[in-house]
Amino acid sequence: MTPPAPGRPYWICQAAGWGGFVAYVLGGYLLNAPDRNATDIISIVFFNAVACPAITHGLRHWMYVRGWHELSNRRRFPLLVGVVMASSIGLTTAVVLGLMLAGQSMMSAPGAFGIASGFAMAFTGWLTIYFAVHARRERDAVQLRLTMVAREAQLRALRAQLNPHFFFNCLNSLRHLIATNPARAELMLNNLAELLRYSLSSDRAETVPLADELRIVDEYLNLERVRLDERLNVERRVAPEAARAQVPPMLVQMLVENAIKHGISELPEGGVVRIEAAVAPDGRLNVLVANTGTLTPPAEGSGLGLENVKGRLRLIYGDAASFSLSERGGMVEARLVLPMERP
Amino acid sequence: MNALIVDDERLARAELRRLLGAHEDVSIVGEAATVDEAETRLRELPVDLLFLDIKMPGATGFDLLERLDHVPLLVFTTAYDEFALRAFEVNACDYLLKPIRPDRLAAALDKMRALWTGMRAAPAGTGTRRSATDRVFLRDGDRCWIVSMADIALFEGEGNYARVHFGGNRPLIRTSLNALEARLDPALFFRASRRHLFNLRFVDRVDAGVDDGYTVTLRGGVSVTVSRRQARQLRERLAL
């Protein structure tokens, strides 16, 4: 795996960390060393301020190439111990040889050991901080991915699917019409195909023009008319500017479906479904889906549909959209208020 | 067999009628689009076989069954394999998923014919009282059963409700023990006490109980106390 380009925090940490380290070592040297000389100072500055940052930077690259970031802590730990030992021994050897080449006498063993342990501590510190930050960022990324997946799943689950009960009832009617009225069966098949296609592709777009949604509502109503005969009457009043507004797919469809499922189909003598859409003076889209009937306290299952609508609106619009259900003059009214733009 | 079709959709009824046309021994005596209509038809017409949709305006097919004193042979027709149907003990009935396949319908009819022959061999129920061969519909929450009266071991009164013991199940039904006693065949069910009404055919052992009463153990292990007042009646009933 090729390493990603390091960000600003990485460079700041590198500069501050090694800057601090070189200041610490140099300070210690200047305060404590009995015979200070330029060679030592050059050596300290070169190894701590140039070699160490270069080695750790190279190490980062190398660890990415070898895939050490993906290893478990248990498998990575011995490798890192090896890296710390090898680099501190290597660096110390380089320091000792460098000083000898510069004409100084061979360093004492305790002196060399002190330098080596200094490097070892510095590298241990670097690796500790590096992997702590890395683990934390990994965790944040996973968290973010999980949140996105959860939201996506939530939206998908809330997306109104075609009611299977309705679908199979349609197929049953279709089976009869094929034998008795093939021309009507063809029309019904067209409606069913359009509705199914729209329903299946509805999770591709987060919003669609209301006009598209209403076209599908029409296909759906044609199907329900086959089922309900003259029990179903539809009134529609949609302003042209409202038809251009964007709405979440299958949402108005679901309200119309509910109006029939809990309204018209429960009434042996049938009733009216009224669909209205207009843009209010405040610039928001108002959609009304009303049906003959009374608002009964939600029986098991039916309350779920409303929670579903509210959940979808919250996920898409936050608090900017609203939904309400009320009863007025023998009609159950579902009202939807949506912002024209998504926040 | 006389069949009644109950479905709120005209085309669904028409389709079933068309499919049943292939079976000469089934004659359709009527159709109903609502539960109320179905209840009326069932009182008026001699129905052996009931094709029943579950979801209908205002009430469900289950509501219809609960209103009936006697459940005919039953085939549910439903568009979707609903939860209610999965919970159903389907041994005494069958169900068809829409769109209905002619071969599935034929198989369901075969099953019904077998049950029908068995039922006709047994003596018919007398009057409004339910006899051993009568089948009743029981529902408790999401679970439903169609049970032959002969398979019910015990009714246990709980206030205005009664717990029905049969084959390891204990559904609670909304009928008082007194109301049940009035509708059950006294040759089959015996009122042991204020709390218990048991099936005489289920008696396994009778022991002397406290206060000149009896302790009756039923098959399945449930014991019922027979009060002193009822003990004499029980002796008479069980005497040779």
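Keeping their order, the protein sequence lines are chains A and B.
Just so we're aligned, residue 6 is where the first sequence starts under the numbering used here, counting upward by one.
Just so we're aligned, residue 1165 is where the second sequence starts under the numbering used here, counting upward by one.
Note that beta-carbon positions come from the ideal geometry of N, C-alpha and C, so glycine has one too.
Contact between the stretch 243-251 of chain A and the stretch 209-219 of chain A (3+ Cβ pairs under 8 Å)
yes
Among 342/A, 203/A, 270/A, 211/A, the one whose alpha carbon lies nearest that of residue 223/A:
For the purposes of this step, residue 223/A is taken as residue 218 along the first sequence, with counting starting at 1. Looking at the Cα atoms, 203/A is the closest of the given residues.
Residue 169/A CB to nearest chain B CB: under 7 Å?
The residue you call residue 169/A lines up with position 164 of the first sequence. Interface residue, yes.
Should residue 181/A be flagged as near chain B, meaning a C-beta pair shorter than 7 Å?
Here the question's residue 181/A lines up with position 176 in the first sequence. Closer than 7 Å: yes.
Rounded to whole angstroms, what's the CA-CA distance from residue 1176/B to residue 262/A? Just pull it up for me.
Residue numbering aside, residue 1176/B sits at position 12 when the second sequence is read from its first letter. Residue numbering aside, residue 262/A sits at position 257 when the first sequence is read from its first letter. C-alpha separation (whole angstroms): 20 Å.
Could you tell me the alpha carbon to alpha carbon distance between residue 297/A and residue 234/A, rounded to whole angstroms?
Counted from its first residue, the first sequence places residue 297/A at position 292. Counted from its first residue, the first sequence places residue 234/A at position 229. Spanning the two alpha carbons is a distance of roughly 16 Å.
Would DSSP call residue 306/A helix, strand or coil?
Here residue 306/A corresponds to residue number 301 of the first sequence, with the count starting at 1. Reliability of the predicted coordinates at residue 306/A is poor, the pLDDT of 47 falling under 50, and no value is obtained from them.
Just to make sure I have the definition right: I need the residues of chain B whose C-beta is within less than 9 Å of the C-beta of residue 229/A. Which are they?
For the purposes of this step, residue 229/A is taken as residue 224 along the first sequence, with counting starting at 1. Correct list: empty, because the minimum Cβ distance to chain B is about 11 Å.
Between the stretch 1297-1310 of chain B and the stretch 1231-1240 of chain B, do three or more beta carbon pairs fall short of 8 Å?
yes
Would you grab the beta carbon distance between residue 1366/B and residue 1317/B for me? Rounded to a whole angstrom, and I think it's under 8 Å.
For the purposes of this step, residue 1366/B is taken as residue 202 along the second sequence, with counting starting at 1. For the purposes of this step, residue 1317/B is taken as residue 153 along the second sequence, with counting starting at 1. Between residue 1317/B and residue 1366/B the Cβ distance is about 4 Å, and since that is below 8 Å, they are a contact.
Nearest chain B C-beta to residue 201/A closer than 7 Å, yes or no?
Numbered from its first residue, the first sequence carries residue 201/A at position 196. So no, residue 201/A is outside the interface.
Can you give me the Cβ contacts of residue 1368/B inside the same chain, cut-off strictly under 7 Å, excluding the 5 residues immediately before and after it?
Here residue 1368/B corresponds to residue number 204 of the second sequence, with the count starting at 1. Answer for residue 1368/B: 1381, 1382, 1383, listed in chain order.
Proximal residues to residue 227/A (C-beta, below 8 Å), its chain only, five neighbours per side dropped
Taking the first sequence and counting its residues from 1, one reaches residue 227/A at position 222. Result list for residue 227/A: 192, 193, 196, in chain order.
In terms of residues, what are the limits of the beta strand (DSSP E) holding residue 1240/B?
The residue labelled residue 1240/B in the question sits at position 76 within the second sequence. Start and end: 1237-1242.
Would you grab the beta carbon distance between residue 1356/B and residue 1388/B for me? Rounded to a whole angstrom, and I think it's under 8 Å.
Counting from one through the second sequence, the residue named residue 1356/B turns up at place 192. Counting from one through the second sequence, the residue named residue 1388/B turns up at place 224. Going by Cβ atoms, the distance from residue 1356/B to residue 1388/B rounds to 5 Å, so yes, they are a contact pair.
Is the stretch 8-26 of chain A touching the stretch 36-55 of chain A, taking contact as three or more C-beta pairs under 8 Å?
yes
In whole angstroms, give me the CA-to-CA distance for residue 12/A and residue 326/A.
Counted from its first residue, the first sequence places residue 12/A at position 7. Counted from its first residue, the first sequence places residue 326/A at position 321. If you take the alpha carbons of residue 12/A and residue 326/A, they lie about 39 Å apart.
From what residue to what residue does the beta strand (DSSP E) around residue 1234/B run?
Taking the second sequence and counting its residues from 1, one reaches residue 1234/B at position 70. Neither: residue 1234/B is in no beta strand (DSSP E) and is coded neither H nor E.
On the three-state DSSP scale, how would you describe residue 1302/B?
In the second sequence, the residue the question calls residue 1302/B occupies position 138. The answer is strand: DSSP assigns residue 1302/B an E or B state.
In chain order, what residues of the stretch 261-273 of chain A put their CB closer than 8 Å to some CB of chain B?
270, 271, 272, 273
Counting contacts by CB-CB distance shorter than 7 Å, is residue 195/A in contact with chain B?
Looking up residue 195/A in the first sequence gives position 190. So no, residue 195/A is outside the interface.
Restricting to runs no shorter than 4 residues, where is the alpha helix (DSSP H) found entirely within the stretch 28-54 of chain A?
43-50
Of all Cβ atoms in chain A, is any one closer than 7 Å to the Cβ of residue 1179/B?
Counted from its first residue, the second sequence places residue 1179/B at position 15. It does; some Cβ of chain A falls within 7 Å.
Judging by CA-CA distance, which residue of 186/A, 46/A, 220/A, 183/A is the nearest neighbour of residue 199/A?
To locate residue 199/A, count along the first sequence from 1; it is residue 194. Considering only alpha carbons, the answer is 220/A.
Sort 321/A, 320/A, 335/A, 339/A by Cα distance to residue 329/A and report the nearest one.
Counting from one through the first sequence, the residue named residue 329/A turns up at place 324. The option with the nearest alpha carbon to residue 329/A is 339/A.
Kindly list the residues whose CB is nearer than 6 Å to the CB of residue 31/A, restricted to its own chain and excluding five residues on each side of it in sequence; keep chain order.
Numbered from its first residue, the first sequence carries residue 31/A at position 26. Only 49 meet the Cβ criterion.
Three-state secondary structure (DSSP) of residue 1175/B
Walking along the second sequence from the start, residue 1175/B turns up at place 11. Of the three classes helix, strand and coil, the one that applies to residue 1175/B here is helix, per DSSP.
Check distances from the C-beta atoms of the stretch 210-235 of chain A to those of chain C and list, in chain order, the residues that come in under 9 Å.
No chain C is present in this structure, whose protein chains are A and B.
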